[in-house]
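Working notes, beginning with the structure itself.
There are 2 protein chains.
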Amino acid sequence: MRNTILEILRAGRDQYISGEEIADKLGVSRTAVWKHIKEMRAQGYDIESHARSGYRLRETPDALLAGEIRHGLKTKIIGQEIICHEEIDSTNNEAKRLARQGAKEGTVVVAESQTGGKGRLERQFFSPQGKGIWFSVILRPRFLPQDAPKCTLMAAVAVARAMMEFGLQPGIKWPNDLLYDNKKLVGILTEMSAEMDGINYIVIGTGINVNIEPSDFPEDIREVATSLSIMKGEALPRVSFFQSVLQALDDLYVRVQCEGFAPVLEEWRKYNITLGQEVKVIGVRDGEVYTGKAVDIDEDGALLVDTSKGRQRVLAGDVSIRPQRGKW
Amino acid sequence: MRNTILEILRAGRDQYISGEEIADKLGVSRTAVWKHIKEMRAQGYDIESHARSGYRLRETPDALLAGEIRHGLKTKIIGQEIICHEEIDSTNNEAKRLARQGAKEGTVVVAESQTGGKGRLERQFFSPQGKGIWFSVILRPRFLPQDAPKCTLMAAVAVARAMMEFGLQPGIKWPNDLLYDNKKLVGILTEMSAEMDGINYIVIGTGINVNIEPSDFPEDIREVATSLSIMKGEALPRVSFFQSVLQALDDLYVRVQCEGFAPVLEEWRKYNITLGQEVKVIGVRDGEVYTGKAVDIDEDGALLVDTSKGRQRVLAGDVSIRPQRGKW
């Protein structure tokens, strides 16, 4: 209902539309319309009202509301269903719950804040109210579980594309961290439920630090985290940035389903800041540490590192890049 | 409580033990002991009772009861926790529920019957009351999701070992079907929940057709399913067969965690009936069909098939073996 009111107001953005006209179109009373307008104002919509002329939409809020995110979105799979929460434990947990209940491919769960945002390996993920884009996407791909890790590279490329559109030069550290000034802008956590013959669902969780000031970060992550607004020197519109990310992800995913991951890996190489660098790898399971030169990713998305003991193929691990003129 | 009574009776299997002695050891009344004895009889325990002499255990039932399965089991990881159900929707579903709630590695869920037993690719799995071993094991391995498919080969090898102990020659069709007379004895369904950096849990579901007569099978699967009792010409003790499987699985899994999957793949080759044969492969996702000679499995457990168009690497698919002197 509210989305329809919004559409009517958007359609005649610069002119007043009478409450009666809206009420007629919706088949409800003018009082009902007024109630919805009041609630929309509470969500941040700037709606003028005149006793005689009716309502006029002056400005939409930069809030992660389904109606705003969907407005103008031209995706084929991603975001046909968008579920917005003001606060949630973790969008990945919610997306997994929905996926188990049969939510369809492309469903997006987004929240203004997460109380238990999580990163890789049960690490916490800082996700403050209204300052980022904390979201998860449910995919039900036809490829095998072995291909799933490349989804994480695909998600990083999607965010990189959006950054380009907003005039920001992306830098992806293998496998999927987007960095600026050697600090983290974006975190991605991909989870899956699979049989050996196929994937039940993949949930790609992405946390984008959009408009976070240095002082907003808790002290313990201030040295390692940054935001798009810090990088750009001004705040970014969250809704349109989010739309760009969803659009890119949709485009990449549709292509992957037809052509496989080769184009994604190629684009990943374009945005990466890892290859050619001296890197330190810490195995996530065994804690083994080694250094070497990152030379490429292979067709599985694994990082190839030339060490003094020969070439290592890194499937999972914490990789850090040697600072220029720096020591480990 | 009941397990303790059982232990006391077992310890003195050939002699009577007075109700008073049992009651004293447990710190309960003789009436309480009597109630438990009555319930154990209902479960199938043959317990003699004499007004003067007390109780004597004559025979234990061949029922999938935790006390029976655990008795004499020497596993390190598998089956420290065994949860038995008379009837359940699917042991895999229950094991996944438990795994999500944090159940520990090695937990076994077993049922006398499944109402919604499932095989690969959402296929139904026939699991009649008291005639098979329908169970699932929760693993929390340290290896990466990419290695998970080999767990399914490991489970097939575990059942093969148990068959050998019971004088039955196993034949594994890639990846994990155990066949006799070209009909299925055992089905295995492996599911997992994972992040890209590691596995949250793997559930290996195994359905073993133990004492099923040809006429027990529904008509639509009579031509493709068989049982260990049909193969052996007599009924098998389910509890001890199950113990052999758990013991073998434990042994294999402990070894995999130390040495990787190479020994499992080697043993799989020993029991397999696929390699060297002409096979037909139907891709499970794309439905693509091709034929060729199965030559080996590679280190990922994938089946290598030499076709007229060169070598194919099969990661998932339905494989059938060309009957001798037969046509497709």
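If you read the protein sequences in the order shown, they are chains G and P. Letter by letter, the first sequence follows residues -19 to 308 in my numbering. Letter by letter, the second sequence follows residues -19 to 308 in my numbering. Positions of the beta carbon are idealized from the N, C-alpha and C atoms, including for glycine.
Partners in chain B for residue i, counting only beta-carbon separations shorter than 9 Å
i, result
"serine 173 of chain G", "No chain B appears in this structure, whose protein chains are G and P."
Within-8 Å CB hit, residue i to chain G
i, result
"glycine 267 of chain P", "no"
"leucine 124 of chain P", "yes"
"alanine 128 of chain P", "yes"
"glutamate 264 of chain P", "Residue identity check: residue 264 of chain P is valine in the sequence provided, not glutamate. Yes, its Cβ sits closer than 8 Å to a Cβ of chain G."
"threonine 132 of chain P", "yes"
Under the three-state DSSP convention, the category residue i falls into
i, result
"leucine 6 of chain P", "helix"
"tryptophan 248 of chain G", "helix"
"isoleucine 57 of chain G", "coil"
"aspartate 298 of chain G", "strand"
"tryptophan 14 of chain P", "helix"
"threonine 186 of chain G", "strand"
"aspartate 276 of chain P", "strand"
"lysine 84 of chain P", "coil"
"asparagine 191 of chain P", "coil"
"arginine -18 of chain P", "helix"
"glycine 240 of chain P", "coil"
"glycine 324 of chain P", "As displayed, chain P neither begins before -19 nor continues past 308, which places residue 324 of chain P out of reach and without an answer."
"tyrosine 25 of chain P", "coil"
"asparagine 180 of chain P", "strand"
"phenylalanine 115 of chain P", "strand"
"lysine 98 of chain P", "strand"
"valine 219 of chain P", "helix"
"isoleucine 201 of chain P", "helix"
"glutamine 149 of chain G", "coil"
"arginine 120 of chain P", "coil"
"aspartate 157 of chain G", "strand"
"glycine 290 of chain P", "strand"
"glutamine 227 of chain G", "helix"
Residue i at chain P interface by Cβ criterion, 8 Å
i, result
"aspartate 177 of chain G", "yes"
CA nearest to the CA of residue i, picked from the options
i, options, result
"methionine 134 of chain P", "P/Asn156, P/Glu203, P/Gln126", "P/Asn156"
"leucine -14 of chain P", "P/Ile63, P/Leu45, P/Ile201, P/Asn191", "P/Leu45"
"histidine 30 of chain G", "G/Ala138, G/Ala274, G/Val89, G/Trp14", "G/Trp14"
"valine 137 of chain P", "P/Phe241, P/Asp26, P/Asn162, P/Val89", "P/Phe241"
"lysine 260 of chain G", "G/Ala142, G/Thr11, G/Gly281, G/Ala296", "G/Ala296"
"tyrosine 160 of chain G", "G/Arg10, G/Gly267, G/Ile188, G/Ala91", "G/Ile188"
"glutamate 280 of chain P", "P/Pro194, P/Glu85, P/Asp231, P/Ala128", "Before going on, a small fix: residue 280 of chain P reads as aspartate here, not glutamate. The option with the nearest alpha carbon to aspartate 280 of chain P is P/Ala128."
"glycine 52 of chain G", "G/Tyr25, G/Ala(-9), G/Lys76", "G/Ala(-9)"
"methionine 20 of chain P", "P/Val8, P/Gly7, P/Leu(-11), P/Leu6", "P/Leu(-11)"
"cysteine 131 of chain P", "P/Asp196, P/Gly185, P/Arg141", "P/Gly185"
"valine 225 of chain G", "G/Gly59, G/Leu6, G/Arg77", "G/Gly59"
"cysteine 64 of chain G", "G/Gly110, G/Tyr(-4), G/Thr55", "G/Gly110"
"threonine 271 of chain P", "P/Leu229, P/Asp286, P/Ala282, P/Leu255", "P/Asp286"
"valine 139 of chain G", "G/Tyr251, G/Glu66, G/Ser(-2), G/Met(-19)", "G/Tyr251"
"aspartate 266 of chain P", "G/Gly178, G/Ile301, G/Val190", "G/Gly178"
"tyrosine -4 of chain P", "P/Glu28, P/Gly96, P/Phe105", "P/Glu28"
"glutamine 23 of chain G", "G/Thr11, G/Asn(-17), G/Ala12, G/Asp(-6)", "G/Asn(-17)"
Review point. Are the segment 96 to 106 of chain G and the segment 213 to 220 of chain G touching, with three or more C-beta to C-beta distances below 8 Å?
Key: no
Practice item. Compile a chain-ordered list of the residues in the segment 21 to 36 of chain G whose CB is closer than 7 Å to at least one CB of chain P. Key: none
**Study point:** Residues from the segment 276 to 296 of chain P in contact with chain G, defined by Cβ distance under 7 Å
**Key:** Leu295, Ala296
Check your understanding: Quick one, which residues of the segment 84 to 106 of chain P are near chain G if we go by CB-CB under 7 Å, in chain order?
Key -> Arg100, Leu101
Check your understanding: Using 8 Å as the threshold, is the segment 142 to 151 of chain P in touch with the segment 115 to 125 of chain P, meaning 3 or more CB pairs across them?
Key -> no
Review point. Would you call the segment 29 to 39 of chain P and the segment -13 to 5 of chain P touching, i.e. three or more CB-CB distances under 8 Å?
Key: yes
Exercise for review: Would you be able to state if there are at least three C-beta pairs under 8 Å between the segment 168 to 175 of chain G and the segment 287 to 295 of chain P?
Suggested key: no
**Study point:** Stretch pair the segment 244 to 264 of chain G + the segment 282 to 292 of chain G: three plus CB contacts closer than 8 Å
**Key:** yes
Practice item. Check whether the segment 63 to 71 of chain G touches the segment 79 to 95 of chain G, counting contact only when three or more Cβ pairs, one atom from each stretch, lie closer than 8 Å. Key: yes
Review point. Within the chosen definition, does the segment 237 to 255 of chain G reach the segment 190 to 209 of chain G through at least 3 CB pairs nearer than 8 Å?
Key: no
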